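Undergrad:
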Amino acid sequence: MRTHVSIVAGAAALALLTAGCSSDGVGGGESAGDAQTLRIGFVSTETGSLAPFGEANAFVVDQMEDYFAENPIEVDGEEVDVEIVVKDAQSDSTRAGEVTADLINGDEVDVVISSGTPDVANPVSEQCEANSVPCITTVAPWQPFAIRGGDEPADLQYSHHFFWGLEDVAAVYSDIWSQVETNGQAGGLFPNDPDGQAWSANFPALTADTGVTIENPGLYTNGTKDFSAQLSAFKGKDILLGVPIPPDFTTFWKQAKQQGYRPKVATIGKALLFPSAVEALGDIADGLGTEVWWTPTAPFESSLTGQSAQELADAFEEGTGQQWTQPLGFAHALFEVAAAAVQKAGSTDAEAIDEALDGLSVETVVGPVAWGADDSVPPYIAKTPLTGGQWRAVEGGEHPFDLVVVSNALAPEIPAAGKVEPLP
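Under full-length UniProt numbering, the residue at position 245 of the sequence shown is numbered 245, and the numbers go up by one with no gaps.
(1) How many angstroms separate the CA atom of residue 174 from the CA atom of residue 164?
(2) Return the chain-ordered list of same chain residues with a C-beta closer than 6 angstroms to the C-beta of residue 352, the five sequence neighbours on each side being excluded.
(3) According to the Cβ coordinates, are residue 213 and residue 187 closer than 8 angstroms?
(4) Using a 10 Å radius around the Cβ and a threshold of 16 neighbouring Cβ atoms, would you call residue 383 buried or exposed?
(5) Which word fits residue 367, buried or exposed, when buried means at least 16 other C-beta atoms lie within 10 angstroms of its C-beta?
(6) Give the secondary structure of residue 220 by DSSP, where H, G and I count as helix, E and B as strand, and everything else as coil.
(7) Note down the Cα distance separating residue 303 from residue 339, rounded to an integer number of angstroms.
(8) Given that a residue counts as buried once 16 or more other Cβ atoms are within 10 Å of its Cβ, and exposed if not, what is residue 216?
(9) Is it the case that the Cβ atoms of residue 114 and residue 124 are separated by a distance below 8 angstroms?
(10) I'd like the span of the beta strand (DSSP E) that includes residue 168, first residue to last.
(11) Report back the beta-carbon spacing between residue 365 and residue 332 to the nearest angstrom; my notes put them in contact at under 8 angstroms.
(12) Please classify residue 76 as buried or exposed, where buried requires at least 16 neighbouring CB atoms within 10 angstroms.
(13) Would you give the residue range spanned by the beta strand (DSSP E) that residue 73 belongs to?
(14) Find the nearest neighbour of residue 180 within the set 267, 144 and 70, judged by alpha-carbon distance.
(15) Would residue 66 and residue 119 be called neighbours here (beta carbons separated by less than 8 angstroms)?
(16) For residue 230, I'd like the list of residues in its chain whose CB is within less than 8 angstroms of its CB, leaving aside the five on either flank, ordered along the chain.
(17) With three or more beta-carbon pairs closer than 8 angstroms as the criterion, would you say the segment 69-88 touches the segment 35-53?
(18) Can you give me the start and stop residues for the alpha helix (DSSP H) that residue 303 sits inside?
(19) Please list the segments of the alpha helix (DSSP H) lying wholly inside the segment 96-157, counting only runs of 4 or more residues, in order along the chain.
(20) One question on the structure: do residue 317 and residue 308 come within less than 8 angstroms of each other, judged by their Cβ atoms?
(21) Does DSSP put residue 394 in a helix, in a strand, or in coil?
(22) Can you give me the C-alpha to C-alpha distance between residue 63 and residue 362, rounded to a whole angstrom?
(23) Count the other C-beta atoms from every protein chain shown that fall within 10 angstroms of the C-beta of residue 347, then say buried if there are 16 or more, exposed otherwise.
(24) Taking the C-alpha atoms as reference points, what is the distance between residue 413 and residue 111?
(25) With 16 other CB atoms within 10 Å as the buried threshold, where does residue 55 fall?
(26) Taking only the alpha-carbon atoms, compute the straight-line gap between residue 79 and residue 61 and give it to the nearest angstrom.
(27) For residue 326 and residue 292, which I take to be in contact (beta-carbon distance under 8 angstroms), what is that distance rounded to the nearest angstrom?
(28) If I'm right that residue 422 touches residue 276 with Cβ under 8 angstroms, what's the distance once you round it to whole angstroms?
(29) Quick one: what's residue 37 bridged to in DSSP?
(30) Do residue 334 and residue 100 have their beta-carbon atoms positioned less than 8 angstroms apart in this structure?
(31) Just to confirm the assignment, what range does the alpha helix (DSSP H) spanning residue 226 have?
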């Protein structure tokens with residue numbers, strides 16, 4: 001666990017700093033000195049197979065500490081100190097639930113935030129529902145988040161999720177496929193996890209009007225080392241799609257090259273979102289496609305810092321020495337939403353924050369986040385813009401690959417920088 005404490009300047013800040021360094025005994029919503037305190041619990045993915053989803057979290061938490069120290073939230077004319085308690089889910093669903101319970105019952109947080117696939121978001125949400133604590137989650141398509149073991153969305157009271165849906169990624173992928181001449185046959189690489197189950201169940205119907213047929217040889221176990229069965233089934237398929245975890249796609253794609261499987265276009269969710277995962281593939285990553293849920297070229301800015309998407313990405317690269325990564329924008333937006341909810345609530349009380357999140361609308365660095373604005377989704381879901389991109393090798397560039405937006409049909413406000421190029 002990492003504990004981060006954001007402090008406002010002055011005597012109250014000194015009192016909170018002393019308390020924060022000596023113990024974790026301050027309860028949620030309680031104060032050090034006379035100041036109010038908002039305690040935010042952040043369930044992160046810092047280690048394990050989903051670690052790329054958490055690569056930007058430490059940077060964002062540090063940035064938010066500094067921001068709230070200089071720009072404290074005000075409630076009824078009083079400054080509110082912000083304490084951020086971070087716990088690592090270790091890319092494990094059971095662990096995610098356990099650390100969420102620790103945050104609620106041990107650290108007594110007022111609100112829980114989390115980012116990084118249904119494997120983490122769902123158990124976080126379940127603990128918050130059980131303990132009547134508001135949670136804000138993101139980076140999981142809304143269907144696997146909302147539909148849990150049934151056909152209908154769950155009835156959630158304390159969960160507030162913002163992201164796109166499978167209908168959006170299916171439309172983006174279909175647009176990418178349409179830009180390359182293919183035989184209309186696709187191979188589906190789907191793991192036996194919440195994402196794989198949802199994508200494999202929904203993609204055939206969502207893409208039916210494109211004329212593309214999807215071959216699904218069955219769900220495989222995460223961590224599989226031999227993809228011979230899948231590669232045999234995909235022989236002759238010009239299109240590849242899937243939603244594997246990063247290390248599994250590295251294994252699959254290297255074996256595909258060895259066994260001579262060469263699709264004309266590939267659209268891979270989850271595994272190809274991150275520069276680190278793409279660089280692990282080396283030259284054979286050139287031309288691979290993925291969905292793009294946040295990019296520096298998006299015309300959005302932070303409601304907190306005022307940074308544009310480009311400025312946030314530049315700050316991350318300067319501060320970490322790493323290439324910008326998509327989860328950066330959404331990790332930042334979690335704090336935008338939390339701050340807006342507290343301001344709307346006029347309180348750090350958990351029930352008041354939860355009520356404020358219902359129907360909340362915020363212009364964030366990832367675009368507009370508005371609950372209740374779309375009748376096609378449950379009221380606890382707010383949809384965000386989605387585009388599609390292709391990784392392109394860059395000779396002599398600052399980074400070996402750039403993620404180029406090649407499909408903006410669903411979000412024309414985000415500029416496209418090129419057309420799809422067939423895989424080499």
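Cβ coordinates follow ideal geometry from the N, Cα and C atoms, glycine included. The structure presented is a predicted model; accordingly, all values stated were derived computationally and were not measured.
TA: Reading it off the structure:
(1) As a first step, residue 174 is located in the sequence shown; it is residue number 174 there, counting from the start. As a first step, residue 164 is located in the sequence shown; it is residue number 164 there, counting from the start. If I take the Cα positions, the gap works out to 16 angstroms.
(2) As a first step, residue 352 must be located in the sequence shown, where it is residue number 352. These residues qualify, in order along the chain: 345.
(3) Translated into positions along the sequence shown, residue 213 becomes position 213. Translated into positions along the sequence shown, residue 187 becomes position 187. At a Cβ-Cβ threshold of 8 angstroms, residue 213 and residue 187 do not count as neighbours.
(4) As a working note, residue 383 is residue 383 in the sequence shown. Burial of residue 383 is indicated by the presence of at least 16 other C-beta atoms within 10 angstroms of its C-beta.
(5) Within the sequence shown, the letter at position 367 stands for residue 367. Classified as buried, residue 367 has 16 or more neighbouring CB atoms from the shown chains inside 10 Å of its CB.
(6) Position 220 of the sequence shown, counting from 1, holds the residue named residue 220. Reduced to three states, the DSSP call for residue 220 is strand.
(7) In the sequence shown, the residue the question calls residue 303 occupies position 303. In the sequence shown, the residue the question calls residue 339 occupies position 339. Their backbone Cα atoms lie some 10 angstroms apart in a straight line.
(8) Here residue 216 refers to the residue found at position 216 of the sequence shown. So residue 216 counts as buried.
(9) For the purposes of this step, residue 114 is taken as the residue at position 114 of the sequence shown. For the purposes of this step, residue 124 is taken as the residue at position 124 of the sequence shown. Their beta carbons are under 8 angstroms apart, which means residue 114 touches residue 124 by this criterion.
(10) As a working note, residue 168 is residue 168 in the sequence shown. That residue, residue 168, is in no beta strand (DSSP E); its alpha helix (DSSP H) goes 166-178.
(11) Against the sequence shown, residue 365 aligns to sequence position 365. Against the sequence shown, residue 332 aligns to sequence position 332. With a Cβ gap of about 5 angstroms, residue 365 and residue 332 count as contacting.
(12) Looking up residue 76 in the sequence shown gives position 76. By the 10 Å Cβ count, residue 76 comes out exposed.
(13) Stepping through the sequence shown from its first residue, residue 73 is reached at position 73. Taken as a continuous stretch (DSSP letters only), the beta strand (DSSP E) holding residue 73 covers 73-75.
(14) Residue mapping note: residue 180 aligns to position 180 of the sequence shown, counting from 1. Cα-wise, what sits closest to residue 180 is 267.
(15) The count along the sequence shown starts at 1 and reaches residue 66 at position 66. The count along the sequence shown starts at 1 and reaches residue 119 at position 119. Taking 8 angstroms as the Cβ cut-off, residue 66 and residue 119 do not qualify as a contacting pair.
(16) Position 230 of the sequence shown, counted from the start, is the residue given in the question as residue 230. Excluding sequence neighbours, residue 230 sits near 187, 189, 217, 220 and 252.
(17) Touching, yes, given that three or more Cβ pairs across the two stretches are closer than 8 angstroms.
(18) For this step, residue 303 is matched to residue 303 along the sequence shown. That residue, residue 303, is in no alpha helix (DSSP H); it is neither H nor E in DSSP.
(19) Taking only runs of at least 4 residues, the alpha helix (DSSP H) segments lying wholly in the segment 96-157 are 118-131 and 142-146.
(20) Numbered from its first residue, the sequence shown carries residue 317 at position 317. Numbered from its first residue, the sequence shown carries residue 308 at position 308. No.
(21) To locate residue 394, count along the sequence shown from 1; it is residue 394. Here residue 394 sits in coil by DSSP.
(22) On the sequence shown, residue 63 is found 63 positions in, with the first residue counted as 1. On the sequence shown, residue 362 is found 362 positions in, with the first residue counted as 1. So the alpha carbons of these two residues sit roughly 20 angstroms apart.
(23) The residue you call residue 347 lines up with position 347 of the sequence shown. Result: buried.
(24) To locate residue 413, count along the sequence shown from 1; it is residue 413. To locate residue 111, count along the sequence shown from 1; it is residue 111. The alpha-carbon separation between residue 413 and residue 111 amounts to approximately 32 angstroms.
(25) Counting from 1 along the sequence shown, the entry for residue 55 is found at position 55. Residue 55 is buried by the Cβ-count criterion.
(26) Here the question's residue 79 lines up with position 79 in the sequence shown. Here the question's residue 61 lines up with position 61 in the sequence shown. If I take the Cα positions, the gap works out to 19 angstroms.
(27) The residue you call residue 326 lines up with position 326 of the sequence shown. The residue you call residue 292 lines up with position 292 of the sequence shown. Contact holds; Cβ gap of about 7 angstroms.
(28) The count along the sequence shown starts at 1 and reaches residue 422 at position 422. The count along the sequence shown starts at 1 and reaches residue 276 at position 276. Contact doesn't hold; Cβ gap of about 25 angstroms is too wide.
(29) As a first step, residue 37 is located in the sequence shown; it is residue number 37 there, counting from the start. Here residue 37 is bridged, per DSSP, to 81.
(30) Taking the first residue of the sequence shown as position 1, residue 100 is located at position 100. Taking the first residue of the sequence shown as position 1, residue 334 is located at position 334. Between residue 100 and residue 334, the C-beta spacing is not below 8 angstroms.
(31) Here the question's residue 226 lines up with position 226 in the sequence shown. Membership of residue 226 in any alpha helix (DSSP H) is not indicated, and neither H nor E is assigned to it by DSSP.
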